[in-house]
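In what follows, a single structure is set out as structure tokens and then discussed.
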Amino acid sequence: MKPAVNGRTVLRVEGLRVHYHTARGPVRAVEGVDFELGAGERLGLVGESGSGKSTMAMAIMGLIRPPGRIEGGRIKLGDLELLTLSTEDMRRVRFARISLIPQGVMNSLNPVMRVGAQIADTIQAHQERPTREELAERVRSLLTLVELEAATARMYPHELSGGMKQRVGMAIAVALRPEVIIADEPTSALDVVVQKRVMDTLFRVQQELDAALILVGHDMGLMAQCVDRIGVMYAGRLVELGPVQRLFDEPLHPYTRMLVTSLPSLERKGVFRGIPGLPPSLLNPPAGCAFHPRCPEVMDRCVSETPRLESVVEAGSAREASASDRRAACHLHSGDRS
Amino acid sequence: MTRPPVLATARRHPQLAAGLAIVVLVVAFGPVGSLFVDTDLARVGSAPSDRTPSVEHLLGTDAAGRDLLAVMVAGTPLTLRIGFVAGAVGLGIGIVLGFMAGYFGGLVDTLIKGAADVLLTIPGLLFLVVLATSLRTAVTVDMMALVVASLAWMLPTRTIRAQVLSMRERGYVQVARFSGMSDLEIIAREMLPNLLPYLAASFVSAVGAAVLASVGLEALGLGPQNEPTLGMTIYWALYYTSLLRGIWWWWAPPMIMIVLIFVGLFLISMGLDRIANPRLWRAS
Amino acid sequence: MNAPLLEARSASQVFGGGLFDRRRIVAVQEATLLLPDDQPVIVAIAGESGSGKTTLARLLLGMLAPTGGSVRFRGTELRQLDRRTRVTFRRQVQAIFQDPFEVFNPFYRVDHTLTVPVAKFYPELSRAQRWQRIEEGLQAVGLRPEETLGRYPHELSGGQRQRIMVTRALLADPRVIVADEPVSMVDASLRATILETLFRIHRDRGISLVYITHDLTTAYQLSHTILIMYRGAVVEMGDVERVIKTPRHPYTQLLVRSIPLPDPKRRWGEVPDADRREDEGLPISAPTAAGESDTPADDVTQTEASPGADSGCVFASRCPHVMPRCREQRPSLVLTDPGRAAACYLYEEAAVLSQEQVAQLSHGGG
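Chains as they are written, first to last, in the numbering used here: chain A, -12 to 325; chain B, 947 to 1230; chain C, 2 to 367.
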């Protein structure tokens, strides 16, 4: 895992809000998220179902459809304000500059098309007109990039194993050499051995393209092994953001802490520490901090005032708040702002 | 002022509402009509023959001296009865056989499926013609319904069997076994309720098919000769060459009524399909 | 001593291979597992998809009849149970399935799932008594009846639904619960709670558990003994501490190494610390370039992954220590060290186990 390459920010999300307008009212899937992604960096967005992480991935890709709607915020890819783009312009940005390996891509492959043709489709759909030889060569080199044999191009999806199909999904996603790759639960349907192989492939691809990676998922173990920084999402908000090692060693937000503790370990048997209570309703979220009904350290303030994601200066750190790379949305740390 | 809930539901399901409205009108036409029109006039020789539409006979009379409006009022419920009875019987048999075949599998399945498949390949009208002509006694409306029903059960059997096959593997069916339910209970309490929308749609299409079959037979003269069903009316209209003679008030009303029945039933099945598969219908 | 509560003896399940179905899939190859009547145990069956673990579970539950070997309840083969004993079997051996949504009939409220078993198993109780049972059952798994009852399945979370399923299983007053991946479709924060519930009912009510999973870590957390399955065969089994901490079979070693540990300091794929001990002089495979072949040829395709090469060890095509013997004949389970067995020719000096010995080992007895 390399640290961010040169400190340059390739993607910046500010105050993003996405709501789904259902018959029973608006479902607040994403409620004000800020983060930035550095060049070559690997950022993990971890959360459980309903946390908003997949919606966020779709929003960044401009793939939110009614009844979902982006209610506010900014998404800056380099100098480009994605939310102000027309449909056509966004379509050109998609896959060319920012790409998504969606959840369950293995099952989204066209069952009646050979995989090589599907990869070629992506290239051609972006108004490039390569010759047949050029196209075949590009498909070949993409397959090699994702560590598949060239002969795979002539195969149909059902002839491939889960890991191979996932790699085809990767090839399609990076066909146009994007700067940012978003992978939404890329290995959730895969066995643990294949999972490791596929993730290794993904990292090699990322390095080869010099791209930044956002890994969306719920497996903290996987995150620990894969990313440089982690953002923890809960009820549509980022509740903590920081370097992976520090986050595991000393989580700032009680949810993060309980999430880490609830992970089964090979150290001790028979110890189960789940998080009590229920995941929050996004239709009717709790007032104040969405986590407060389940938080062991809840204070009066938490019930009425929603905490904002703020820089946290850790005790003993010589840094100022503005330079701190750790952020948490929690009243326990609210007073730390200098 | 809040809208009455009926209207709100009708707005959300326009096809279903329209279809139901049409069918209700058609069904009501008979009973309501008989309040205003004397159905005795539908009998042969009850009125002067071959009259064009006038104030006394709004749809005129036919060559046999029947008031055609009375014929419509008397005949529509009869055709509907054939359709509904045949549809219900066909569906009923289909449910029993389809569930048995799908749930129990094995020999039972092979036998039922085989019988249904073989009978499906027989040209329906041909079979019905043979059946109808071989009946010695005069055909009544109910006999007509049963004749038509004899061929109405195969398709429901096949389709319900398919549904049951897929439901059999569902988690909740497995769990029901672990909760002590017997096979029959599982069929009745776990599977059947989930099939209700599907069964309703099946019933609608079975009725439509039955009406078509009965009209077809009757138009060939193989129906209940003494009853003024819509199909028989068309038969007599053709028999007396009303088409060539331009006596539109004879053949047109039954045609229109049959079209209305079909359109109504079709809209209902479209509406039911929309409820069962909301995502297919969502506008992109 | 009583007959074992539930046992599989060299049970096999072969699909196809008949006149019309050329392709023969050996889903389970001679698996032996025993749950004793006199003491509650927790046995884990671990493997990846295609390993046969779910098929073995279905054999134990009587949902499938074995094509070879036998599955017995209190000494009698399942297909030979008389009517009364069959009812007892259905009641005493309960199941929890993986998908917490599919197991609910969408037509009914969740109450239905609970009222049916109570009415069936306790017909003598009055209505009020039945509701009391249901409410107590829900509370025992940490649910609040007022928040759960009267709702439709889609109104509840996956964790709640799965806990209702646990309640349902408990209402039958079972001796064994076979849980097939009970938490893999449940959110991380709720997993621990559900597993803890299962552990508690085992401890407090003496119910044996068969825990089917692909997650070795939770298997380690919960169970006493474990069976590792690969392509239909049990490749390693025994005391869970030994199997996970010092795996002997090359496949188990590969599995354990592939677990992403939630500790950024521990590099993924390195040999776990405990494995470094060269105890008893037996070879421990290190992640060599040859062993961790990164080509997708290793990542077996769909057709190959369907289990059961009839001849030879199931892992031969991927094993870094493969020898000619391995492709010719399936290795039997041998006792590599006390309380654990592996099916591998690397340990050929060890004693071959009889079926009875394997059965005893599977639950930690003998």
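Even for Gly, the Cβ is constructed at its ideal location relative to N, Cα and C.
Item: Ile97 (chain C) and Pro183 (chain C) closer than 8 Å at C-beta; Value: yes
Item: Three-state class that DSSP yields for Leu202 (chain A) in the structure shown; Value: strand
Item: Close-in-space but distant-in-sequence residues of the same chain around Thr1093 (chain B) (CB under 7 Å, 5 per side omitted); Value: The displayed chain sequence assigns Val, not Thr, to residue 1093 (chain B). Once the five neighbours on either side are set aside, the close Cβ partners of Val1093 (chain B) are Leu1074, Leu1077, Ala1078.
Item: Close beta carbons around Arg79 (chain A), own chain, < 6 Å, minus the five adjacent residues each side; Value: none
Item: Any C-beta of chain A under 8 Å from that of Pro261 (chain C); Value: yes
Item: Boundaries of the beta strand (DSSP E) in which Ala180 (chain C) is found, first to last residue; Value: 177 to 181
Item: Any chain A beta carbon closer than 8 Å to Pro265 (chain C); Value: yes
Item: Endpoints, alpha helix (DSSP H) assigned at Asp998 (chain B); Value: Residue identity check: residue 998 (chain B) is Thr in the sequence provided, not Asp. No alpha helix (DSSP H) holds Thr998 (chain B); DSSP gives it neither H nor E.
Item: Neighbourhood of Arg328 (chain C) by C-beta, 6 Å cutoff - its chain only, sequence neighbours within 5 removed; Value: Gly313, Ala317
Item: Val990 (chain B) CB to nearest heavy atom of the ligand SAM below 7 Å; Value: This structure lacks the ligand SAM, and indeed carries no ligand of any kind.
Item: Chain B contact residues for Lys121 (chain C), given Cβ-Cβ distances below 8 Å; Value: Ser1125, Gly1126, Met1127
Item: Short CB-CB distance (under 8 Å) between Ile46 (chain C) and chain A; Value: no
Item: 8 Å Cβ cutoff, Pro118 (chain C) in contact with chain B; Value: yes
Item: Burial state of Gly366 (chain C), where buried means 16 or more other Cβ atoms lie within 10 Å; Value: exposed
Item: Contact under 8 Å by Cβ, Gly1044 (chain B) with Arg997 (chain B); Value: no
Item: Opposing strand residues paired with His6 (chain A) [DSSP bridges]; Value: A:Arg15, A:Arg56
Item: Rounded Cβ spacing between Leu129 (chain A) and Ala158 (chain A) (contact assumed at less than 8 Å); Value: 4 Å
Item: Presumed contact (8 Å Cβ cut-off) between Pro41 (chain C) and Ile178 (chain C), rounded CB distance; Value: That belief does not hold up - the Cβ atoms of Pro41 (chain C) and Ile178 (chain C) are roughly 10 Å apart, past 8 Å.
Item: Per-residue burial, Leu953 (chain B) [other beta carbons within 10 Å of its own, 16 or more giving buried]; Value: exposed
Item: Proximity below 8 Å, CB of Val211 (chain C) to CB of Val359 (chain C); Value: no
Item: Near-chain A residues of the stretch 206 to 238 of chain C - C-beta to any C-beta below 7 Å; Value: His215, Thr218, Thr219, Tyr221, Gln222
Item: Check whether Gly257 (chain A) and Gln222 (chain C) have beta carbons under 8 Å apart; Value: yes
Item: Any 3 or more C-beta pairs closer than 8 Å across the stretch 105 to 117 of chain A and the stretch 152 to 167 of chain A; Value: yes
Item: Test: Arg1191 (chain B) CB closer than 8 Å to a CB of chain C; Value: no
Item: Cβ contact check for the stretch 222 to 235 of chain C and the stretch 28 to 38 of chain C: 3 or more pairs under 8 Å; Value: yes
Item: Euclidean distance between Cα positions of Gln1171 (chain B) and Leu1005 (chain B); Value: 21 Å
Item: Whether Ala1091 (chain B) touches Ala1032 (chain B) by CB criterion (8 Å); Value: yes
Item: Within-8 Å CB hit, Gly1060 (chain B) to chain C; Value: no
Item: Through-space distance from Pro173 (chain A) to Ala310 (chain C), alpha-carbon basis; Value: Caution applies to Ala310 (chain C), whose pLDDT of 49 falls short of 50 and renders its modelled position unreliable; the model cannot decide the point.
Item: Supposed contact pair Met220 (chain A) and Leu32 (chain A) - C-beta distance, whole angstroms, cut 8 Å; Value: 6 Å
Item: Bounding residues of the beta strand (DSSP E) (the contiguous stretch that carries Gly31 (chain A)); Value: 29 to 33
Item: Given Cys276 (chain A) as reference, the closest of A:Gln105, A:Val299, A:Thr42, A:Ala316 once Cα atoms are compared; Value: A:Ala316
Item: Contact set between the stretch 75 to 95 of chain C and chain B, restricted to residues whose Cβ is under 8 Å from the partner; Value: Val88, Arg91, Arg92, Gln95
Item: Bridge partners - Ile1068 (chain B), DSSP secondary structure assignment; Value: Beta-bridge pairing links Ile1068 (chain B) to no other residue.
Item: Where the alpha helix (DSSP H) through Gly149 (chain A) begins and ends; Value: 149 to 160
Item: Selection of the stretch 175 to 199 of chain C by Cβ proximity to chain A, strictly under 8 Å; Value: Asp188, Ala189, Ser190, Leu191, Arg192, Ala193, Thr194, Ile195, Leu196, Glu197
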